[in-house]
Structures are given as C-alpha cells and as structure tokens.
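Down below is the structure, laid out as structure tokens.
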C-alpha cells in the first residue's frame, strides 16, 4: 500500500514530486540509470530529451527485471549536469510516471557524470507489488 503526501500543510510548493511517500512491504533499489542503450552506446549525445527518455526506458527495464513497474517507484534521485535541462526532465518524467501520484524526489546538480557525454542519471527506490 502506497500513500503520497504531495504537499503537506506547511511545506513549500512542489513541481512533480511528493514531499513524502509512505509504503509497506519489500522494496527494490535501482542503481543509477544512464543514457546508454543495451550495447552500452551513448544515446542522444548533446540531446537532453533523448538522454532523459533513455534513462527512463532503462529504469523501467531494471524495475521489470526485479518484478516492479514505474507505478511502484516511491523515490527518485536525479543528477543533472545542466539545470537548463530541468523542464525537459519534468516533461519526459511525466510521460513515465503518473503526475497525480508523484514519487518523492531529490535533484542534484553535478559538475559531471561518469561519461563526459552523459547529461543525466537517475536512481530509484520502488515498492515491490504483492506476489513479486
């Protein structure tokens, strides 16, 4: 059972995330997903939208392997090398996650990621559904 506390009284406004998410049961931790395809090739070099989309595809694939799906995500940690990509990130994120039930989220602006062409990396915590 998951319950989203998008904006409890006394907390600042949000833009696509919940201040808290309460859940019960087992969970899965997904390592930072990068903008690389199944062959390890960088996707969308210089193209923030293509990179963000690939990261979410990789995230969904990793979750599925563990028996979960995007709707089970309770927390994201987002690493962006350029905050100018934030609006694009939010738009693409909302294609993969239900904006009415957003996960908790942390955003970190970083000087760089493991590969100089990477603009984004995202890791996640997800609730495992019953029977998974």
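Numbering (full-length UniProt numbering), first residue to last: 1 to 132.
Positions of the beta carbon are idealized from the N, C-alpha and C atoms, including for glycine.
The beta carbon of residue 49 lies closer than 7 Å to those of 88, 92 in the same chain, with the five residues before and after it left out. For residue 70, the three-state secondary structure derived from DSSP is helix. If only complete runs of 4 or more residues are kept, the segment 38-104 shows the alpha helix (DSSP H) at 48-65, 86-96, in order along the chain.
Residue pairing by DSSP places residue 18 opposite 104 in a beta bridge. About 19 Å separates the CB atoms of residue 29 and residue 113; that is not less than 8 Å, and the two are not in contact. Look at residue 115 here: in three-state DSSP terms it is coil, with no helix or strand label.
Rounded to the nearest angstrom, the gap between the Cα atoms of residue 11 and residue 18 is 10 Å.
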